[in-house]
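Chains as they are written, first to last, in this note's numbering: chain A, -4 to 639; chain B, 277 to 395. First up is the structure itself, then whatever we jot down about it.
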């Protein structure tokens, strides 16, 4: 961050240039400073661009410095031998120094090496001393060899200094030291430098040319090396910046969760990153380089199709299910800029499993709720309709019945034969309607679990006898034999009216479906504290598929021979009554034409009667506690007792 | 007195009663309140009432009737026998007979005959 509000010249005006420069550097101000002259800036930039040795860490620098020192030490005996004898050995033109002279110069060299090796000196000072020693070394060699190796030997030395220390400071001082040395020595003792031109006229001019030449060569070398190093350094800096950027991206990707992926044109992953990869068990280490076909095809062929779609050039977002997780994924094709061919797919994916799950659960719950509501409403409506129908049928039937009765009894005058016939038909159909209305009411009671039982101890032999009595006349007329086999002393706590209704229903069915001359047998006995009553006939019999649906409402069995009679509710109501008593009812038949047996069982135990049924107790205890106003609404509508 | 919100039922019952007993006059009321007004105004021997009616239902009517005339004979004739039977338990220990519509005419006539003769 730049804490300075502006970098304008007026802002820096009161400060001296040096401080300003330091400030500018510490605060990363990029704008040129007003107080800095152009030449100084150029120099600063040059210096900053020069290698300053800081790139080398301490161990690397130590290693290099040690190598330089060993090279120097290795040259010491060589130079000494070369200095004492070498010159004489090579030729007359090569001058050998005296033993004393050579030793003194070697000692000077040793002093420089020793100083360069001194560990408590600063790094730059040691490098500078080493560079002095290096150029001294090459100078002495040149001197002892009569100038033979001078030119190229110096180049190597200069290069070595730059390469080894990567620091402009020891290098520059080394060059200056050589130049000054040559200027001074060449001027004062020209014959010791230019021995081939003994007695030169202008030794200072030669010395100057010599020094300039050395400086020039050094400058060219320096510039070249510097340019090279700078290019390298810039490359390194760029690489470093890129590496850092990549590292940052990697860190971000790894920690934000989302998956980032890329493939080549064969759909092999070239990148796989992101924390969510763990959720789908896709380890980047093992899967990088593997193809989507190898890894995904078998489990999720549809995902491979999605990759192929992207590779074909389409950009899109989609939700995928992969290894039990739901991913929201974005796919982008990658193109070769020159050929325009697809070269891969890139994209990112986010794990949205939790969100998707929550949404799905919410949708499901909503749907279920609405379904349940609909069902409840339909059921409410159905019950209301049934209940209302049952009650409302009775109202218009009442005056019809009364009027018919009055006609029948002659209270409204005598009837002629035609009128009596008409009255009979009216009565017959009135009775059918009345029965239907009662049946519907009973069905409504059963379905609402409001069938009330008024249980009293009932002697079954009497009950059966009374029922049979009602059918005797009709049976006799059709030649049907009514057989009764009832054990004596069967007494059960049941609702007599309801059980009579059941028996009536069964007997009426049995006689209806038994052809003239057949037999209907009623049996009653106790089995395991239950009373079992069966009504067996020799009638039409039942098909197996009919038996299963006999006790359903509106399920009349018809084989096309007999006309359909009744509402089709009788057996349903019968079952309801028996079940309300805690019993069960069933039918058996050997097949069509072989007669049928209807039987039911009811527990004898009065305590159990009615409790195994489908709901309320025989008498609703709430009824006694209720005020009449609560029981029935005062506006005459049906009280909505069903919706509890 | 016949109390029922259905005019045809009222008329038929009145006709039946008048035809079954010589000299009987059947009074008609549309609902409980109407019936109460009529009871105040006229001499009534027996109340034959529907259960579910607007304004005042049969059981409410009988509650008021029994407050004033505790021994008044009464029969409930209703299309909702279950509800009426439960509701009539408020008259305990007295039992008010409940007949279901459509009514079995001879049973009704016998029941009325018994009730009136008891009185």
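Beta carbons: idealized from backbone N, C-alpha and C, even for Gly.
#### Entry: For residue 321 of chain B, three-class secondary structure by DSSP
coil
### Task
Report yes if the CB atom of residue 536 of chain A is closer than 8 angstroms to the CB atom of residue 585 of chain A, and no otherwise.
Between residue 536 of chain A and residue 585 of chain A, the gap from beta carbon to beta carbon is short of 8 angstroms.
### Task
Kindly list, in the order they appear in chain B, the residues whose Cβ is closer than 7 angstroms to that of residue 467 of chain A.
Residues of chain B passing the Cβ test: none, with the nearest at roughly 22 angstroms.
#### Entry: Expected contact under 8 angstroms - CB spacing of residue 592 of chain A and residue 540 of chain A to nearest Å
About 17 angstroms; that fails the 8 angstroms criterion.
### Message
Three Cβ pairs or more, each shorter than 8 angstroms: is that satisfied between the stretch 397 to 416 of chain A and the stretch 439 to 452 of chain A?
### Response
no
#### Entry: Chain-ordered chain B contacts of residue 408 of chain A [CB-CB under 7 angstroms]
Within chain B, no residue comes near residue 408 of chain A; the closest Cβ sits about 11 angstroms away, beyond 7 angstroms.
### Message
Would you say the beta carbon of residue 454 of chain A is closer than 7 angstroms to some non-hydrogen atom of the ligand MG?
### Response
Summarising the ligand content, the structure contains no ligands, and the ligand MG is consequently not present.
#### Entry: residue 200 of chain A versus residue 218 of chain A - alpha carbon distance
26 angstroms
### Residues of the stretch 379 to 399 of chain A with Cβ closer than 7 angstroms to any Cβ of chain B, in chain order
Answer set for the stretch 379 to 399 of chain A: 386, 389, 390, 392, 393, 394, 396, 397 and 398.
### Query
Is the Cβ-Cβ distance between residue 435 of chain A and residue 571 of chain A less than 8 angstroms?
no
### Task
Give the DSSP-derived three-state secondary structure of residue 66 of chain A in the structure shown.
helix
### Message
I'd like to know if the stretch 329 to 340 of chain A and the stretch 259 to 277 of chain A are in contact, where contact means that at least 3 CB-CB pairs between them fall below 8 angstroms.
### Response
yes
### Query
Does residue 427 of chain A have its Cβ less than 8 angstroms from a Cβ in chain E?
Absent here is chain E; the protein component of the structure consists of chains A and B.
### Query
Using the C-alpha atoms, what's the distance from residue 138 of chain A back to residue 58 of chain A?
30 angstroms
### Query
What in chain A is Cβ-close to residue 284 of chain B, meaning under 7 angstroms?
Under the 7 angstroms cutoff, chain A gives 394.
### Message
Does the contact criterion of 3 or more C-beta pairs under 8 angstroms hold for the stretch 503 to 512 of chain A versus the stretch 462 to 477 of chain A?
### Response
yes
### Message
Quick check: what's the CA-CA separation for residue 459 of chain A versus residue 502 of chain A?
### Response
10 angstroms
### Cβ-Cβ distance between residue 354 of chain B and residue 374 of chain B below 8 angstroms
Result yes, Cβ atoms of residue 354 of chain B and residue 374 of chain B sit closer than 8 angstroms.
### Cα-Cα separation, residue 528 of chain A to residue 596 of chain A
6 angstroms
### Message
For a test of the three-state rule: what should DSSP assign to residue 353 of chain B, helix, strand or coil?
### Response
Note: residue 353 of chain B maps to strand in three-state DSSP.
### Task
Using a cut-off of 7 angstroms between C-beta atoms, extract the partners of residue 527 of chain A located in chain B.
Residues of chain B passing the Cβ test: none, with the nearest at roughly 29 angstroms.
### Message
Bridge partners for residue 330 of chain A per DSSP, in chain order?
### Response
A/337
### Task
State buried or exposed for residue 349 of chain B, treating a residue as buried only when at least 16 other CB atoms are found within 10 Å of its CB.
buried
### residue 422 of chain A in three-state terms, based on DSSP
helix
### Task
Starting from residue 440 of chain A, find everything on chain B with Cβ-Cβ shorter than 9 angstroms and list it in chain order.
358
### residue 332 of chain B to residue 474 of chain A span [Cα, whole Å]
As the crow flies, the alpha-carbon of residue 332 of chain B is around 55 angstroms from that of residue 474 of chain A.
### Message
So, with DSSP's three-state summary, where would you put residue 291 of chain A?
### Response
Look at residue 291 of chain A here: in three-state DSSP terms it is coil, with no helix or strand label.
### Task
Give every residue of the same chain whose Cβ lies closer than 6 angstroms to the Cβ of residue 23 of chain A, excluding the five residues on either side of it in the sequence, and list them in chain order.
Unreliable placement is indicated for residue 23 of chain A, whose pLDDT of 49 sits below 50; the coordinate value is still reported in the next sentence. Once the five neighbours on either side are set aside, residue 23 of chain A has no close Cβ partner at all.
#### Entry: Cβ-based neighbour list, residue 251 of chain A, same chain, cut-off 8 angstroms, excluding 5 preceding and 5 following
269 and 270
### Message
Just verifying my parser: in three-state terms, what is the DSSP assignment at residue 548 of chain A?
### Response
coil
#### Entry: Straight-line gap, residue 183 of chain A to residue 111 of chain A (C-alpha atoms, nearest Å)
Roughly 29 angstroms separates the two Cα atoms.
### Query
Less than 8 angstroms separating the beta-carbons of residue 395 of chain A and residue 425 of chain A?
In contact: residue 395 of chain A and residue 425 of chain A (Cβ atoms closer than 8 angstroms).
### Task
Tell me where the beta strand (DSSP E) around residue 266 of chain A begins and ends.
Residues 264 to 268.
### Query
Quick one, which of A/403, A/432, A/407 and A/438 has its alpha-carbon nearest residue 421 of chain A's?
A/403
#### Entry: Best match in A/76, A/478, A/454 and A/384 for proximity to residue 463 of chain A [C-alpha to C-alpha]
A/478
### Query
Thinking C-beta only, is residue 305 of chain B closer than 8 angstroms to residue 294 of chain B?
Contact flag unset, no.
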